[in-house]
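FYI, in my numbering the residues of the sequence shown are 16 to 520.
All residues carry an ideal CB built from backbone N, CA and C; glycine is no exception.
Computed from a predicted model, the values in this text were never measured in an experiment.
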Amino acid sequence: MCGIAGIYSPNISHNKLINIAENMASAIYKRGPDDEGVWIDVNANIALSHRRLSIIDLSDNGRQPMKSHCGKFTMVFNGEIYNHNELRRQLNNLGDKPSWKGNSDSEVLLCGIAKWGLKLALKKSTGMFALALWDREAKKLYLARDRFGEKPIYYGHIGKDFVFGSELKALQAHPSFNSGIDRKALSSFLQYSYVPSPKSIYKDILKLPPANILCVDLPNGNKTLSSYWSLQDYSYNEVSQRVDEKILLSELHKKLNNTVAEQMIADVPVGAFLSGGIDSSLIVALMQKNSTRTIDTFSIGFSEKEYDESFYARQVSKLLGTNHTEMIVTPKELLNVVPKLKKMYDEPFADSSQVPTYLVSKLARNKVTVSLTGDGGDEVFGGYNRYRWANDVWSKMEYLPFWFRRFLSTIISIPSEQRWKKIYSLLEFVIPLKYRMRLPGEKIRKISVSLSALNIEELYTCLTSLWIEAENIVIGVNENKANDFYVKGRSIAEKMMFLDLGIYL
């Protein structure tokens with residue numbers, strides 16, 4: 016990963032502008048410890064800064080901020096374009112072959128923008144990224160983000176200055192940063208355990224939504240937000256019942272294999288996080304298939320046997336022949352991470368997986384620079400229990416009279432979560448295996464609330480909310496993000512997956 020930041024300020028001196036841009040980059044040093052760069056357009060009073068983690072083309076030819084061959088554009092880029100070799104071939108075949116300086120994917124993307132325009136270049140690109148692009152002729156600044164928001168970017172105004180950065184830390188480095196807490200964002204955090212896009216925890220500071228381009232017309236400050244790709248516009252092909260399952264599996268295997276192979280392209284060591292679950296195990300199997308060397312894999316285990324799943328990772332590693340490293344952590348070691356979280360995360364984030372993720376990342380960094388994971392597999396392949404529950408249970412419950420569902424909801428909500436946990440432990444042995452659950456008290460409470468849902472959007476909000484009543488505690492009307500989507504899917508489970516792809520992921 017890398018870090019980007021920038022500032023447009025109409026009134027301060029060039030020296031001060033550079034100083035602020037440098038401080039913004041220094042604040043996100045850990046995103047890119049290998050190199051840094053600052054660039055200023057003295058005619059427009061805009062500065063771009065970059066912190067680099069070198070992955071492809073480790074030479075100075077990959078340094079940023081990077082100017083286009085034509086001199087019109089300057090870009091700072093965080094991420095990877097996995098199909099950059101294919102895009103390079105397309106650009107070479109246009110007739111006017113570019114004079115390439117190096118082998119970086121950043122240079123390919125910047126050349127593509129100059130040839131095709133920003134929107135078309137992003138449509139052609141497969142990858143994860145956040146970027147800022149300065150068009151010196153049109154005096155316009157563009158911010159853009161990948162299709163599913165894998166790479167972050169924040170932006171907003173601090174006084175008369177327009178600022179942006181990969182993390183809020185970069186914006187906080189501005190000497191006049193003094194933004195208050197956004198109470199609607201706080202309400203959303205209490206409900207969902209994170210702050211949904213486009214809000215941030217601070218007033219007047221926003222996240223750029225995934226698959227969007229923000230155009231800032233300087234110096235008048237007019238902003239235009241547009242999308243270059245939409246999940247709702249994406250249409251999948253109906254699968255005929257006559258298609259042989261072996262053909263479908265072969266096509267799926269081919270797509271997954273090609274995707275993993277593309278993401279392994281790097282000039283630094285690449286490894287993988289291995290939990291022993293289906294998603295990460297499949298990724299590692301395909302990595303080993305596409306590698307001439309033994310893949311390095313990493314996992315975290317726990318000293319308490321009831322929570323430890325490292326045994327599965329060891330089994331998969333042995334089967335695939337990977338070079339496996341694991342770390343068994345104690346409760347004390349987990350608690351020691353907690354004070355560090357406030358420095359790692361710029362805004363509230365309550366997913367407990369952040370603790371083992373930090374530990375396995377620290378473990379992996381001793382050997383590799385890049386690690387692949389199985390993140391996103393549940394949303395694409397239906398891995399969450401709520402999909403199965405919605406398909407099997409709610410699909411039948413929704414036909415019951417609403418008054419009866421409300422009555423059931425009231426009855427189920429009478430016992431506390433702790434009481435339901437005790438009841439569940441007594442009855443677990445008679446519950447079919449596919450309906451057994453972890454954290455039964457919390458999930459039964461969600462079920463009781465979801466019985467009152469009127470549609471799939473309300474059901475989704477119920478099942479993904481930690482605290483439905485959060486808006487009653489924090490002043491401000493909470494926003495139901497699910498209602499922003501025109502939901503697609505041939506079944507309730509597919510509709511839930513669609514919402515997860517567009518919101519939760």
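Step through the CB atoms of chain D and report whether any lies within less than 8 Å of the CB of Lys154.
Note that chain D does not occur in the displayed structure, where there is just one protein chain.
Just checking, does the region 173–186 make contact with the region 119–126 on the three C-beta pairs under 8 Å criterion?
Touching, no.
Assuming Pro363 contacts Ile220 (C-beta within less than 8 Å), just tell me the rounded distance between them.
Actually they do not touch by this definition, with Cβ atoms about 14 Å apart.
To the nearest angstrom, report how far apart Ile96 and Met143 are at their CA atoms.
Approximately 7 Å between the Cα atoms of the pair.
On the criterion of 16 or more Cβ atoms from any shown chain inside 10 Å, does Asp515 qualify as buried, or is it exposed?
Looking at its Cβ environment, which holds 16 or more other Cβ atoms inside 10 Å, Asp515 is buried.
Who are the Cβ neighbours of Asp573 in its own chain at under 7 Å, not counting the five residues just before and after it?
The requested residue 573 does not occur in the structure, where the chain is confined to residues 16 to 520.
Going straight from the alpha carbon of Ile490 to that of Lys461, what length do you get?
Note that Ile490 scores a pLDDT of 45, beneath 50, so its modelled location is shaky; the value from the coordinates is reported in the next line. Those two C-alpha atoms are separated by around 23 Å.
So, is Lys166 buried or exposed, given that buried needs 16 or more other C-beta atoms within 10 angstroms?
When all chains shown are included, Lys166 counts as buried.
Inspect the CB distances between the region 60–68 and the region 99–114 and report whether three or more fall short of 8 Å.
These segments do not touch.
Provide the residue span of the alpha helix (DSSP H) that contains Gly9, from first to last.
Only positions 16 to 520 of the chain appear in this structure, which leaves residue 9 out of reach.
With a 10 Å radius around its C-beta and 16 neighbouring C-beta atoms as the bar for buried, classify Tyr322 as buried or exposed.
Label assigned to Tyr322: exposed.
If you follow the beta strand (DSSP E) that Asn338 is in, where does it begin and where does it stop?
It spans Asn338 to Val344 - the beta strand (DSSP E) in which Asn338 sits, taken as one unbroken run.
Quick check: the Cα distance between Gly47 and Asn272, rounded to an integer number of angstroms?
One C-alpha to the other measures close to 29 Å.
How is Phe192 classed by DSSP in three states: helix, strand or coil?
Phe192 falls in the coil class under three-state DSSP.
Leaving out five residues on either side along the sequence, give the residues of the same chain with a beta carbon under 7 Å from the beta carbon of Leu23.
In the sequence on display, residue 23 carries Tyr and not Leu. So the qualifying residues of the chain are Asn60, Ile61, Leu156, Asp176, Phe177 and Leu233.
Pick helix, strand or coil for Val375, following the three-state DSSP scheme.
Note: Val375 maps to helix in three-state DSSP.
Within the chosen definition, does the region 42–56 reach the region 73–89 through at least 3 CB pairs nearer than 8 Å?
The region 42–56 vs the region 73–89: in contact.
Measure the alpha-carbon distance for Ile35 versus Val53 and round it to whole angstroms.
Cα to Cα, Ile35 sits roughly 10 Å from Val53.
Which residues mark the beginning and the end of the alpha helix (DSSP H) in which Cys126 is found?
Residues Asp120 to Trp131.
Take the Cβ of Cys17 as the centre, count every other Cβ of all protein chains shown within 10 Å, and call the residue buried at 16 or more, exposed below.
Per the 10 Å Cβ criterion, buried.
List the whole-angstrom C-beta distance separating Tyr209 from Ala379, where the pair is believed to meet the contact cut-off of C-beta under 8 Å.
The Cβ separation is near 24 Å, so there is no contact.
Among residues of its own chain, excluding the 5 on either side of Asn227, which ones have a beta-carbon nearer than 8 Å to its beta-carbon?
Correct list, in chain order: Ala159, Arg160, Leu240, Ser241, Ser242 and Tyr243.
Using DSSP with H/G/I as helix, E/B as strand and the rest coil, what is Ile310?
Three-state result, Ile310: coil.
Whole angstroms are fine: how far does the CA of Met511 sit from the CA of Ser410?
Using only the alpha carbons, I get a separation of about 12 Å.
Can you grab the Cα-Cα spacing for the pair Ser28 / Val344, in whole Å?
Distance between the alpha carbons of Ser28 and Val344 is about 51 Å.
Report the rounded CA-to-CA distance for Tyr501 versus Ile471, giving the unit in angstroms.
Cα to Cα, Tyr501 sits roughly 11 Å from Ile471.
So, are the CB atoms of Met342 and Ile315 less than 8 Å apart?
Yes.
Using the beta-carbon count (16 or more within 10 Å), is Cys85 buried or exposed?
Answer is exposed; the Cβ neighbour count stays below 16.
In terms of residue numbering, what span does the beta strand (DSSP E) encompassing Met143 cover?
Where Met143 is concerned, the enclosing beta strand (DSSP E) stretches over Gly142 to Asp150.
Taking contact to mean at least 3 C-beta pairs separated by less than 8 Å, is the region 374–393 in contact with the region 280–298?
Flag = yes, the region 374–393 and the region 280–298 touch.
Find out if the Cβ-Cβ distance for the pair Ser431, Val464 is shorter than 8 Å.
No; because the gap between Cβ atoms is not below 8 Å, this pair is not in contact.
Using 10 angstroms around the beta-carbon of Ile262, count the other beta-carbons present and answer buried if the total reaches 16, otherwise exposed.
With fewer than 16 Cβ atoms within 10 Å of its Cβ, Ile262 is classed as exposed.
When DSSP labels each residue in this structure, what does Ile173 get in the three-state scheme?
Residue state, collapsed to three classes: strand.
Answer with buried or exposed for Ile196, where buried requires no fewer than 16 other C-beta atoms within 10 angstroms of its C-beta.
With fewer than 16 other Cβ atoms within 10 Å, it is exposed.
Going by Cα to Cα distance, which pick from Gln247, Asn305 and Asp248 is closest to Val275?
When only C-alpha atoms are compared, the closest one is Asn305.
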